[in-house]
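Beneath this line is the structure, given in structure tokens, with notes to follow.
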Amino acid sequence: MNSIPASQAKGKWWHIAIIIVVVLAAYIRVFHAPFSTWDDQEQIVNNMDIRGLGWSNIVAWFSHFYISEYQPVSMAGYAVDFALGSSQPFVYHFTDIILHILNAVILYCLIIKIQKNVTIAFFVALIFALHPVQTENVSWVAEQKTVLCGSFYLLTLLSYVLYTTRPSTTKLIWMILFGIAAMLSKAIAVTLPVTMIAVHFLMMGKFTWKRSWLPVILLFLVSLVIGVVAIFGQASGHWLNRHPNFNHWDTILIASQNYTQYIFHLIVPYHLSVIYPYPSVIGFVYYFIFAITVAIILLAVLAWRKKWHILFGGIFFYTINIVMLLQLFVQYGDYMMGDRFLYIASIGIILPLVYYPFNWLQERKKQAVAILLYTLVTLTLFVYTFIRNDIWLSELNFLTSILEDMPASAVAQYSVGTLYLNNGDYANAETHINEAVRLDTRNYKAWYDKGVLSMRENNMQDALIAFDNCLALYPYPDAYFNRAMLYMITNNISLALVDAERDLLVQPGNARAWYIKGYCVEQEGNPVLAIECCNKAIALEHNEPLFYILRGQAYAKMNQCKEGLDDMNRAIILDPSNGKAYYSRAVIKKQLGQDLCSDLHTATAKGYNVPAEMAAACNGK
10 MNSIPASQAK GKWWHIAIII VVVLAAYIRV FHAPFSTWDD QEQIVNNMDI RGLGWSNIVA
70 WFSHFYISEY QPVSMAGYAV DFALGSSQPF VYHFTDIILH ILNAVILYCL IIKIQKNVTI
130 AFFVALIFAL HPVQTENVSW VAEQKTVLCG SFYLLTLLSY VLYTTRPSTT KLIWMILFGI
190 AAMLSKAIAV TLPVTMIAVH FLMMGKFTWK RSWLPVILLF LVSLVIGVVA IFGQASGHWL
250 NRHPNFNHWD TILIASQNYT QYIFHLIVPY HLSVIYPYPS VIGFVYYFIF AITVAIILLA
310 VLAWRKKWHI LFGGIFFYTI NIVMLLQLFV QYGDYMMGDR FLYIASIGII LPLVYYPFNW
370 LQERKKQAVA ILLYTLVTLT LFVYTFIRND IWLSELNFLT SILEDMPASA VAQYSVGTLY
430 LNNGDYANAE THINEAVRLD TRNYKAWYDK GVLSMRENNM QDALIAFDNC LALYPYPDAY
490 FNRAMLYMIT NNISLALVDA ERDLLVQPGN ARAWYIKGYC VEQEGNPVLA IECCNKAIAL
550 EHNEPLFYIL RGQAYAKMNQ CKEGLDDMNR AIILDPSNGK AYYSRAVIKK QLGQDLCSDL
610 HTATAKGYNV PAEMAAACNG K
């Protein structure tokens, strides 16, 4: 294999500088975007496991699934972000964008090694970096795992190309380490061993075992283990087989539709959406698209026979990196497609689309025309990406864009309903949440939101039914917590305690679940355990007056009135308008034989309903 000409080599640093500048410009507004309510809350904001870099955190990353995915290296990345910027979204967005730029540069170097033309490599990297299908991975913090996985994935492929060119033990070790890191960032990287074969075709037009068998086999063995773990993760979160009940032929048609539509989105990025729901019926168009899919596979076979190695290798690369995400072999999630799945797979389509027209024009002495053409393409993609990033600048933009694109999606409907719910607009929240339940009665989050809405509207019976339906579908920790709160409010102490403990098994960092447990055990006559629960709640959330009030009451029951009085004083400092705190302090003062009337009057003035027998003690005072 010949090295690149010296004249081309001089322009490499300019190309890298341009990649950095234009990607920063395309994503400049995302630096100020907030966290999303989709996955960001569970994966980052409320994830106690990323709030440290100690041994206990490392153990948690390697022993837990996060949103049903096994991603210990990604958790380490989030932990580093948290160490640098706590819960400031800017830091996480900065990391995403820098990693995306790094991936574009690594891809640039990889394509140069594969086919020795820096101009083609430059435009492949630019189109990859600026294509609007990538915005989900780069602008959505929860998908940082995909971008981080992409970094290790591309480094593995680059190491593989260097290894096959001139093998060495050092290159082999780095290759294996990069590959393992990619798989532990996101399990979709289990495709790496087969992708190496695709890269070999792109580079040489054929695959030979002579220099390639060892890294391929070693990473294949690792991928088997991590692939099994990933399936267990999806199963643990009840994400498998959640799609509508289509038959086997329907599943094949849907998979072929996904396979072809992803390619269409890369060529013509029109009507992009964060989610694509399953169709209500399988119409004629699915059979037509199936024919197109067969034609693409036949084209790959023809390319292999004709030794069109870039075309065959590209289709092979794309296929192996998208096949596990087509809902064909394993069905998962609430929707059939997501543009974020194209992050690595897109390279297999972009390379032939750049390579063949460029070579055709170059052979006709029209390289300037080719450069102008691809410059216009990249500028168009730049503008589209810049505009598409609007949806990440606010939660309202994000959710309404999904609803406008996919009104028949239960996920979109309950997500918009949640936004209205959080903003106190219960009428609009009810409209969207009820529509989500109507569209998909098996969607546990829609039932959960219906339960929360009913609780806020003080309709406890409907809330209980909704939480029961949610938990019958999936043991959602937040549903256990809210049902525990409902039981506590309705004075069903024993059931409230059971649900609080279920939530704490999964979410030991939920301070309010500790409060509910403490309240329940205090009501059952165990003030010692109640104090322990309050201590844990206060350690997690030290500015909540209710925790101090409950602990103060428990201390008073144990005749530790000084400690109880201190807790009531603390609660009043935190919230001077809390009538219950004044009343509870009056009760302890009565126990101590102190004057309680001032606190009782204040409690009444703050709206607390003081019992008549207590109020009678201060009549006329």
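Residue numbers (the working numbering): 10 to 630.
Ideal Cβ positions, reconstructed from N, Cα and C, are used throughout, including at glycine.
Check this for me: beta carbons of residue i and residue j, under 7 Å apart or not?
i: His140; j: Leu390; result: yes
i: Ile637; j: Tyr364; result: No statement about residue 637 is possible, as the shown extent of the chain runs from 10 to 630 and does not include it.
i: Trp474; j: Asp458; result: Rather than Trp, the amino acid found at residue 474 in this sequence is Ile. No, Cβ-Cβ distance for Ile474 and Asp458 is not below 7 Å.
i: Leu228; j: Pro202; result: yes
i: Ile358; j: Leu275; result: yes
i: Leu351; j: Phe299; result: no
i: Glu550; j: Ala595; result: no
i: Ile121; j: Val32; result: no
i: Ser160; j: Met184; result: no
i: Gly588; j: Lys615; result: yes
i: Gln516; j: Pro486; result: yes
i: Cys570; j: Leu559; result: no
i: Gly319; j: Pro361; result: Note that residue 319 corresponds to Ile in the displayed sequence, not to Gly. The answer is yes: Cβ separation under 7 Å.
i: Tyr87; j: Ile59; result: yes
i: Val114; j: Asp49; result: no
i: Leu428; j: Leu408; result: yes
i: Thr394; j: Leu135; result: no
i: Val619; j: Ala612; result: yes
Given this structure, state the Cα-to-Cα distance separating residue i from residue j, to the nearest angstrom.
i: Gln376; j: Val310; result: 30 Å
i: Trp313; j: Gly188; result: 27 Å
i: Ala580; j: Val461; result: 27 Å
i: Pro98; j: Asp90; result: 9 Å
i: Glu553; j: Tyr591; result: 15 Å
i: Asn431; j: Ala438; result: 9 Å
i: Ala563; j: Leu514; result: 24 Å
i: Met469; j: Ser503; result: 17 Å
i: Asp632; j: Phe74; result: No answer is possible for residue 632: it lies beyond the span of the chain, which begins at 10 and ends at 630.
i: Asn11; j: Met212; result: Because Asn11 sits at a pLDDT of 44, beneath the cut-off of 50, its placement in the model cannot be relied upon, and the following sentence gives the value as read from the coordinates. Cα to Cα, the separation comes out at about 12 Å.
i: Lys598; j: Asn501; result: 30 Å
i: Tyr295; j: Thr104; result: 40 Å
i: Phe367; j: Tyr279; result: 24 Å
i: Tyr271; j: Leu281; result: 10 Å
i: Ser45; j: Met415; result: 18 Å
i: Leu249; j: Val234; result: Interpretation of Leu249 is limited by its pLDDT of 49, a score under 50 that renders its predicted location unreliable; the figure taken from the coordinates is listed afterwards. Taking the straight line joining both Cα atoms gives about 19 Å.
i: Ala546; j: Asp512; result: 14 Å
Restricting to Cα atoms, I'd like to know which of the options is closest to residue i.
i: Tyr101; options: His41, Asn55 and Ile498; result: His41
i: Ala624; options: Ala493, Gly534, Asp576 and His610; result: His610
i: Ala191; options: Ala85, Arg447 and Ile263; result: Ala85
i: Leu166; options: Ser289, Ile272, Pro288 and Ile353; result: Ile353
i: Ser77; options: Phe241, Tyr169, Pro202 and Ile206; result: Phe241
i: Ile206; options: Trp222, Asp575, Ser410 and Gln143; result: Trp222
i: Tyr489; options: Ile306, Ser503 and Val507; result: Val507
i: Leu480; options: Leu227, Cys542, Ser403 and Lys454; result: Lys454
i: Val332; options: Gln371, Thr200, Gly323 and Trp258; result: Thr200
i: His209; options: Gln124, Asn544 and Asp259; result: Gln124
i: Asn467; options: Thr499, Met415, Met212 and Arg451; result: Thr499
i: Trp22; options: Gln143, Lys598, Val127 and Glu622; result: Val127
i: Ile356; options: Gln143, Ile25 and Met464; result: Gln143
i: Asn578; options: Asp608, Lys566 and Leu362; result: Asp608
i: Pro224; options: Pro176, Ala239 and His257; result: Pro176
i: Ala92; options: Ser72, Ile53 and Leu108; result: Ile53
Excluding sequence positions up to five away, which residues of its chain have a Cβ less than 6 Å from the Cβ of residue i?
i: Met346; result: Asn267 and Tyr285
i: Ala509; result: Ala493, Ala522, Ile525 and Lys526
i: Leu412; result: Ala421 and Val425
i: Leu171; result: Lys180
i: Gly236; result: Val199
i: Leu605; result: Ala595, Lys598 and Lys599
Our contact map puts residue i next to residue j with C-beta atoms below 8 Å; I'd like the distance itself, whole angstroms only.
i: Thr204; j: Asn112; result: Their Cβ separation, rounded to whole angstroms, is 15 Å, which puts Thr204 and Asn112 out of contact at 8 Å.
i: Val147; j: Ile106; result: 6 Å
i: Leu193; j: Val82; result: 4 Å
i: Leu163; j: Phe137; result: The Cβ separation is near 10 Å, so there is no contact.
i: Asn406; j: Arg38; result: Actually they do not touch by this definition, with Cβ atoms about 11 Å apart.
i: Ala196; j: Tyr383; result: Actually they do not touch by this definition, with Cβ atoms about 34 Å apart.
i: Gly561; j: Ser593; result: 6 Å
i: Val378; j: Leu370; result: 5 Å
Would residue i pass as an interface residue toward chain B - the criterion being a Cβ-Cβ separation below 7 Å?
i: Asn501; result: Absence of chain B from the displayed structure is noted, only one protein chain being present.
Within the present structure, is the beta-carbon of residue i separated from the nearest heavy atom of the ligand ATP by less than 6 Å?
i: Glu550; result: Of ligands this structure carries none, so the ligand ATP is not represented either.
Can you find the residues in the same chain that come closer than 7 Å, C-beta to C-beta, to residue i, ignoring five residues on each side of it along the sequence?
i: Thr302; result: Ser265, Tyr268 and Thr269
i: Ala505; result: Ala493, Tyr496, Met497, Ile525 and Cys529
i: His24; result: Tyr117, Val127 and Phe131
i: Gly94; result: Val100
For residue i, which residues in the same chain have their Cβ closer than 8 Å to its Cβ, ignoring the five residues on either side in sequence?
i: Ile291; result: Phe255, Asp259, Leu262 and Ile263
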